[in-house]
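In the UniProt record's numbering, the protein residues as written are 1 to 753.
In C-alpha cells:
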C-alpha cells in the first residue's frame, strides 16, 4: 500500500489491528476508516521516521501508554472520531515534534486533571471536543504558549474553570462551538489579549438578558470576528453591533450561514460609537425569512463610512437604499453576487453620490437583463476599475452604452449574449465573454491585454488588428479546427494562447508551423504531450525532440470512416447470423418465458375456466370447429373448450392471451398437422407449453395427430416435445368412420383425467 514517497495508504481496508511489519522507511501512514480498537506498544515501534499518522474514524477505545514513544519525529496525529473515553498525557509525552493534534469526535468528558499537552512544545493546531465534552479545568492547557489554531467542539460544555486557557499567550485562529453564554463569556475573558481571529459557531444570540455576558467582548483585542450558524434577533442585534463597534482592534466582521429573526426594526438604539478600525464586513447566506419587509437600516448608516470592503452575497438583497450607499464613503470593494438585484433596483442602489470611491463591483448571478441600463446606472462611478456582471441574462445587447471611463476589467461570461457590439467599453484591458453563444469576435479594443472566449461557438481565431496589444487569449472549448501561419503571427505581443479542447485537425503541416513559433511563450492546443518540438515553444508544458504522428492523428476522417464501415459490416453479419439461427425467435420466446415465470405455476382452482385450451392451425379450423368442438361441447356432460377465435380478449397482446388461456385451462389440446408446424402462433403456443407444462412434469398436454406427421418435422428447438412424441402415447385421428367412436372415447377420458 506504499508509494514512492513512502506514503502507505491502508484506509478503508476493514483492518482490526495495525498491520505488522512497519519499517523506518514509512513517512506517512493512513489507517483511517478501519475497525481498529486497540493500539499496542509494539505496533508502531519500528516506524521511527513517521511524520504523519492518520487513525481517524476507527473504533479505538484503548491505547497502551508507550504506543507512541518511538515517534519522536511525528508531526501530525489524527485520533478523531474514535471511542476514547479518556486522554492520557503519557501518550503524547515523547512526541517532541508534534505540530497538529486532532482529538475531536471521541467520548471523553474532560481532558483529565492535568494537561495532556504539557510536553508538546511545537504544537501548532489542536482540535478537541465532542457531544459529551462537558468540563475544562485549570491546568488542562499548561505547556502550550502559542497556537496557530485551537478548535473546541463544546456544544454541551457546561463547566469552565476561569483561567484554564490563560497559559496560551497567542492564538491566531480560535473556533469555539458553544451554546452556553456563561462559558462563552468566561472563555473570552481569558483570551482578551491572546486571540487574533475568534470564530463562534452554533450559538444563539437570541435572549436579551444574556447580552450583558457578551459585553466582555468589547474589551477583546481580536482583529477578526466570525459568526457561523448563529441565531440573531431584532432584540439582540443592536447590542451585538454596539459590542463589535467598541472592540479596539477589530478590522473584520464575518457572518456565514446565520439566521436573523426580524425585519430590522431594532427595539433599541445602537449605543456604540463608530469603530475607527473596522474596515471589512462579510455577510454570506444570511437567512431572513421575511426579507421583503426588511427596513432601510438607517440606524446603522452612521457606522459605515470607514468600511473599505463589503460583501453581502447569497442573502436575497433586492435593493440597497440610496442613503446607505451614500454613507459608504470609503468603500473600494463591493460584492453583491447571488442576490435579487434587478435593473431598476440597481439604478436606485447606485444612486448619485453613492459608493464614491468604489473600484471593484461584483453583481454576478443577480436578475439583471438590460446591459445598457446597467452601464448607465454605474457610469457615474469615477473610480470603478473592475465590474463582474456574469451569470445574468442580458441576451441581445445594444450598439451604444455608457460606462465609467476608468473601467478596465469586465466579466460578461454566462450572460446569454449571442453577438458582441460596440456597447462593450473600449477602455478595457481584460474582457471575459466565456460561456455565451458567440460565433465571431471583431470588436475594436486597442487597450485589451487579456481576452477570454472559452465555451463559445467560434470556428476561427479573432483578428489581431482590433486587439493589437493582446498578451493572453483563451479560446478553449470552441469549434476551431485549425488556424493559419498568418493568423497566428499577426498577434505580435501574444505570450499565452490557450486553444485546448477544440476540433483541431492534427496535420503535420499545422504542427510544423506551430513548432517554429519560438517567440511564443506558451501555446495550448490540447494535443497529447508528445506533439511538442525542440523549440522553446511549450504545448502542455513538455518538450520532445521529434514529432511522430500516427495514422489516426493525421488522417482522422479516413480512420473514422473505415471504423464506421467496419461496424456496419459487423452489424450486417450479425443480422444474417441471427436470421439463420432464429435469434429473434429465441429473444421473443425468452421474453414470453420471463413473463410466464413471474406468474404462479398453477392457477388457483377458482380461476380455472376451461377444460382444455385448443391449439390448432387456421388451416385445420374446419375439422376443429365443425367436428371436434361439436363432439366435445355437446357431450354429456359437455366440455368447456377455449378457442382463440372465440375466447381471446380483444385488444390484448396475443402472447398474453395464449399464456392466460393455457393457465386457465385444465389441459392443453394440440391438434398437430403439417400446417400446425408451419404456423407462427402455434409455435408460440407450443413454446409456452414447452416452458410451462412439460417442465412441470405433468400430463396437462394432450397431443392429437390430425394427420400422420414425422417427429423430425417438428422444429429441433422443441426437443422435449419431440421426446414426448417418441416416448408417450398420443391420439391419432382415424380416417375410418368405425374407429372414430373409440377416438372420441379416449379423448374424453384424457380430458377428464
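Even for Gly, the Cβ is constructed at its ideal location relative to N, Cα and C.
Start and end residues, alpha helix (DSSP H) containing residue i
i           : result
residue 488 : 485-489
residue 742 : 737-752
residue 211 : 211-214
residue 225 : Per DSSP, residue 225 belongs to no alpha helix (DSSP H); it is in the beta strand (DSSP E), 224-228.
residue 244 : 237-246
residue 611 : Not the alpha helix (DSSP H): residue 611 falls in the beta strand (DSSP E), residues 610-615.
residue 644 : 644-647
residue 705 : It is not in any alpha helix (DSSP H) - residue 705 instead sits in the beta strand (DSSP E) that spans 701-705.
residue 631 : 629-633
residue 90  : 89-92
Supposed contact pair residue j and residue i - C-beta distance, whole angstroms, cut 8 Å
i           : j           : result
residue 366 : residue 392 : 6 Å
residue 168 : residue 145 : 7 Å
residue 140 : residue 115 : 6 Å
residue 340 : residue 317 : 7 Å
residue 459 : residue 497 : Not really, about 16 Å apart at Cβ, beyond 8 Å.
residue 607 : residue 664 : 6 Å
residue 364 : residue 343 : Not confirmed; about 15 Å, so no contact.
residue 29  : residue 50  : 6 Å
residue 761 : residue 36  : Lying before the first or after the last residue shown, residue 761 is absent from the chain, which here runs from 1 to 753.
residue 676 : residue 617 : 4 Å
Range covered by the beta strand (DSSP E) that runs through residue i
i           : result
residue 259 : 259-261
residue 666 : 665-672
residue 201 : 195-201
residue 30  : 28-30
residue 282 : 280-284
residue 127 : 125-129
residue 9   : 7-9
residue 474 : 472-474
residue 312 : 309-313
residue 252 : 252-256
residue 232 : 231-233
residue 497 : 496-498
From the options, residue whose alpha carbon lies closest to that of residue i
i           : options            : result
residue 385 : 58, 574, 409, 739  : 409
residue 119 : 133, 98, 128       : 98
residue 310 : 395, 342, 58, 332  : 332
residue 420 : 441, 583, 383      : 441
residue 662 : 635, 615, 636      : 615
residue 264 : 251, 293, 281      : 293
residue 88  : 479, 113, 496, 259 : 113
residue 249 : 398, 275, 464      : 275
residue 164 : 668, 21, 631, 142  : 142
residue 21  : 80, 291, 47        : 47
residue 447 : 435, 430, 457      : 430
residue 162 : 149, 634, 192      : 192
residue 219 : 624, 232, 245      : 245
residue 433 : 418, 504, 38       : 418
residue 395 : 368, 352, 654, 212 : 368
residue 57  : 628, 45, 10, 501   : 10
residue 354 : 184, 381, 564, 360 : 381
residue 642 : 670, 147, 282      : 670
residue 254 : 285, 449, 266, 676 : 285
residue 423 : 397, 455, 667, 158 : 397
residue 350 : 283, 322, 259, 36  : 322
residue 237 : 299, 186, 187, 290 : 299
residue 175 : 214, 221, 138, 128 : 128
residue 214 : 229, 239, 233, 635 : 239
residue 133 : 160, 313, 123, 624 : 160
Closer than 8 Å to chain C by CB, residue i
i           : result
residue 277 : Absence of chain C from the displayed structure is noted, only one protein chain being present.
Original post:
Which ranges would you report for the alpha helix (DSSP H) in the region 321-386 if only whole runs of at least 4 residues count?
Top reply: Note on the region 321-386: whole alpha helix (DSSP H) runs with a minimum of 4 residues are 322-327, 343-349, 371-378, in chain order.
Subject >> Every unbroken beta strand (DSSP E) within the region 138-186, with a cutoff of 3 residues, ordered by chain >> reply: The DSSP assignment places 146-154, 170-178 as complete runs of the beta strand (DSSP E) inside the region 138-186, in order along the chain (cut-off: 3 residues).
**OP:** Pair every Cβ in the region 94-106 with every Cβ in the region 59-73, then say whether three or more of these pairs are closer than 8 Å.
**Re:** Two segments are said to touch when three or more pairs of C-beta atoms, one from each, lie closer than 8 Å; by this definition the region 94-106 touches the region 59-73.
**OP:** Could you tell me which uninterrupted beta strand (DSSP E) segments, each at least 3 residues in length, are contained entirely in the region 400-464, listed from first to last along the chain?
**Re:** Listed in chain order, the complete beta strand (DSSP E) runs (minimum 3 residues) inside the region 400-464 are 409-411, 430-432, 450-452.
Subject >> Segment contact flag, the region 193-201 with the region 221-232, C-beta cutoff 8 Å, min 3 pairs >> reply: Short answer: they touch.
Original post:
Along the chain, which unbroken stretches of the alpha helix (DSSP H) at least 4 residues long are found entirely within the region 48-125?
Top reply: Counting whole runs of 4 or more residues, the region 48-125 contains the alpha helix (DSSP H) stretches 89-92.
Subject >> Stretch-stretch touch, CB-based, cutoff 8 Å, three pairs: the region 323-330 with the region 371-382 >> reply: At 8 Å Cβ cutoff, the stretches do not touch.
Original post:
For the region 450-457 against the region 474-486, are there 3 or more C-beta pairs whose distance is under 8 Å?
Top reply: Cβ pair count under 8 Å is three or more, so yes.
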